[in-house]
Amino acid sequence: MEALTSGDFSNETDPFGLFARWLEDATASEPNDPNAMALATVDADGLPDARMVLLKGFDGQGFVFYTNAESAKGRELAAVPKAALLFHWKSLRRQVRVRGPVENVTDAEADAYFASRPRGSRIGAWASQQSRPLESRFALEKAVAVYTAKFGVGEIPRPAYWRGFRVRPVAIEFWHDRPFRLHDRIRFHRPAPDGAWQRERLYP
Ligand SMILES: Cc1cc2nc3c(=O)[nH]c(=O)nc-3n(C[C@H](O)[C@H](O)[C@H](O)COP(=O)(O)O)c2cc1C
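For the sequence shown, the working numbering gives the first residue as 110, with consecutive numbering after it.
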């Protein structure tokens, strides 16, 4: 599919504006989850770990996702609060790489997003001890039934362990497929999340 945004992004000076446009293009082109991104962290031994999460907030402050802070990724981020994100939009032949330190989103922001989720997902957040061994599917379904009965038709609060994380980028690279593997790569980087962006073109 032809990209909706002009193919030439090499003069772009604002990586957040460019990302917003590419995400908009992906929303129009991808069959599902245009906001899916690989999240890479490292464990206590420095061994990398990666999994998909959904981008649930994005602005000049960074890239936000939500998860169980007691999961593998949550524990890894507690020990080393740094991450890389990777978007790959296949039908657009585009990739975006993001790296930076990670902060918690405020409780108020996490509460507001949690409250916007479907009721079943909110109950699921209580029922799932994410990334810990589960003896059977039945045990999970039993936990869902227990929390469904517990909350009845009332409010479902956000579990304290269910939190938002914001990757504050110090590097964002935009990659676009070009013929003969002579791809375009534009990398923005800055020394710290509040610094000024520098831009450079990279060999493919
Ligand atoms: C497309 C896609 C989106 C996902 N989004 C999330 C998400 O937003 N939050 C989350 O906790 N897990 C999400 N998952 C599940 C994670 O990939 C992963 O299985 C889970 O979070 C446990 O990871 P961990 O053991 O490394 O902590 C998603 C999986 C896929 C395939």
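The beta carbon of each residue, even a glycine, is placed where N, CA and C say it ideally should be.
Note that the structure is a prediction, hence the values are computed from the model and not measured.
Comparing alpha-carbon positions, the option among P302, Y312, L311 lying closest to K191 turns out to be P302. Going by C-alpha positions, K251 is about 22 Å away from T176. In its chain, beyond the 5 residues on either side, R296 have a beta carbon closer than 6 Å to the beta carbon of E309.
Not one heavy atom of ligand 1 lies closer than 8 Å to the C-beta of V189. When distances are taken from the beta-carbon of T176 to the heavy atoms of ligand 1, the shortest one is below 8 Å. Taken in chain order, the unbroken stretches of beta strand (DSSP E) that lie wholly in the region 240-310 and span 3 residues or more are 271-276, 280-285, 293-298, 307-310. The beta carbon of D220 sits closer than 7 Å to those of R267, all from its chain and outside the five residues before and after it, given in chain order. Here V214 is buried, its C-beta having at least 16 other C-beta atoms within 10 Å. I232 has its alpha-carbon roughly 32 Å from the corresponding atom of V207.
Inter-segment contact for the region 151-170 and the region 179-189 is present: three or more beta-carbon pairs are separated by less than 8 Å. The three-state secondary structure of K182, taken from DSSP, is helix.
Less than 9 Å separates the beta-carbon of L132 from that of N144.
For T136, the enclosing alpha helix (DSSP H) stretches over residues 124-138.
Exclusion of the five residues before and after T136 leaves P143 as the residues of its chain whose Cβ lies within less than 6 Å of its Cβ. Around the beta-carbon of G229, fewer than 16 other beta-carbon atoms lie within 10 Å, marking it exposed. In the three-state DSSP reduction, Y222 falls in the helix class (H, G or I). Distances from the CA of E139 to each of L156, P210, W198 were compared; the closest alpha carbon is that of W198. Residue pairing for P210: DSSP places it in a beta bridge opposite K191.
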